[in-house]
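What the sequence shown shows, in the UniProt record's numbering, is residues 18 to 328, in sequence order.
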Amino acid sequence: EEQQSQSRFDALIGDDSRIEPRDWMPEPYRKTLTRQISQHAHSEIIGMQPEANWITRAPSLKRKSILMAKVQDEAGHGLYLYSAAETLGTERDELNDQLLTGRAKYSSIFNYTARNWADMGAIGWLVDGAAIANQVPLCRASYGPYGRAMVRVCKEESFHQRQGFEILLSLSRGTEKQKQMAQDAINRFYEPSLMMFGPPDDQSPNSAQSMAWKIKRFSNDELRQRFVGMIAEQVKVLGLTLPDENLHFDEEKKQWIHKDLNWDEFMNVIKGNGPANAQRLERRREAHREGAWVREAATAYAAKQEQSEVA
Ligand code: FAQ
18 EEQQSQSRFD ALIGDDSRIE PRDWMPEPYR KTLTRQISQH AHSEIIGMQP
68 EANWITRAPS LKRKSILMAK VQDEAGHGLY LYSAAETLGT ERDELNDQLL
118 TGRAKYSSIF NYTARNWADM GAIGWLVDGA AIANQVPLCR ASYGPYGRAM
168 VRVCKEESFH QRQGFEILLS LSRGTEKQKQ MAQDAINRFY EPSLMMFGPP
218 DDQSPNSAQS MAWKIKRFSN DELRQRFVGM IAEQVKVLGL TLPDENLHFD
268 EEKKQWIHKD LNWDEFMNVI KGNGPANAQR LERRREAHRE GAWVREAATA
318 YAAKQEQSEV A
């Protein structure tokens, strides 16, 4: 019977059909999806912090309301990603515990600090830009609930990227000092945003299997290439530069040649030793403690409802 289930699964993947929660799936498929989707959810939730920090200091009412909406969108993305992960059989409490105890990863990028308003522009343009480049192909991921969640997430991310670009554009057309702030923010976020795509293909242990299962549709390096090509053009519109003097498209190799990224720094950040890892996790634990009363009230309410149904 197991063999029959396996061949049905293989046929669905082969046909580019979707695997749904009730379908049989190999345990390693379930495990890697739970890993990727929950890490993605954690990234959205931790990713709220660098920007939330600037809501009170946004330079105008309009900027403030836009930034608030963006941060709320991220909370929403985290919630539907946790729901998608739960359909694979791991409870939300367990996933959350993995994050709070430092056992789960989340995107390296959110361990860098947002120092000033221009960083809100660079995060929107580069970080959300990289997120879109990575997530558009995930809309076709073989696991139904993940692919469907990505469709809505991507729509919202493109609005986020536009707002970031527009912040940088305003700064680049402002005073000399504002222009410098925008350039400095790009200089600091360029390499970390390229690292969001994960390690180079020959050092990416999960890629081959995830591509065979059609969870990932492109490799880490392929998506990094696509992204760098996109921003190389967009930065010209900003009248600013990328901190990568020899960045160019090699016509023969048909690829962008960008600077070597510091993979030691990347490994160090994902091990928990980046500039803001400790601060991010501490803040998340604190928010979880402060939210205890909400969870207790919801549980008490659910118990009451159940009792009144019995009566
Ligand atoms: N950071 O074998 P691979 C956002 C880990 S966007 C930390 O290549 P895989 C929106 C990887 O987990 C950010 N860890 O792994 C937003 C694995 O470790 P493990 C979130 C990383 O899974 C914007 C190990 O290295 N987006 O939140 C990173 O095939 C603004 C080996 O790597 C997603 O999560 C990294 N950058 O490929 C929110 C997208 N890269 O698990 C707020 C979905 C790799 O074996 C503000 N995820 N690792 O212990 C993916 O597409 C994939 O998981 C990759 C990694 C491409 C990230």
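For each residue, glycine too, the CB sits at the ideal point set by N, CA and C.
No Cβ-Cβ contact shorter than 7 angstroms links residue 143 with residue 100.
Boundaries of the beta strand (DSSP E) harbouring residue 267: 265-267, taken from the DSSP string. Within the DSSP bridge table, the entry for residue 273 names 266 as partners. The beta carbon of residue 122 sits closer than 6 angstroms to at least one heavy atom of the ligand FAQ.
Within 10 angstroms of the beta-carbon of residue 114 lie fewer than 16 other beta-carbons, which makes it exposed.
DSSP places residue 163 inside the alpha helix (DSSP H), whose first and last residues are 161-189.
Segment contact: the region 291-302 against the region 118-138, three or more CB-CB distances shorter than 8 angstroms; contact assigned. Excluding five sequence positions before and after residue 297, the CB atoms of its chain that fall closer than 7 angstroms to its own CB belong to 63, 66, 127 and 128, given in chain order.
Between residue 90 and the set 60, 319 and 288, the nearest pair of CA atoms involves 60. Shown here, residue 36 sits in a strand according to DSSP, grouped into three states. Around the beta-carbon of residue 231, 16 or more other beta-carbon atoms lie within 10 Å, marking it buried.
Sixteen is the threshold: since fewer than 16 other Cβ atoms of the shown chains lie within 10 Å of the Cβ of residue 93, the residue is exposed. If the five residues before and after residue 75 are omitted, its C-beta is found closer than 7 angstroms to the C-beta atoms of 81 and 84, all from its own chain and listed in chain order. Look at residue 230 here: in three-state DSSP terms it is coil, with no helix or strand label. Between the alpha carbons of residue 226 and residue 156 lies a distance of about 18 angstroms.
For residue 263, same chain residues with a beta-carbon under 6 angstroms away, outside a window of 5 residues either side, do not exist. Under the three-state reduction of DSSP output, residue 219 falls in the helix class. Shown here for residue 212: same chain residues with a beta carbon closer than 7 angstroms to its own, the five before and five after excluded, namely 125, 278 and 283 in chain order.
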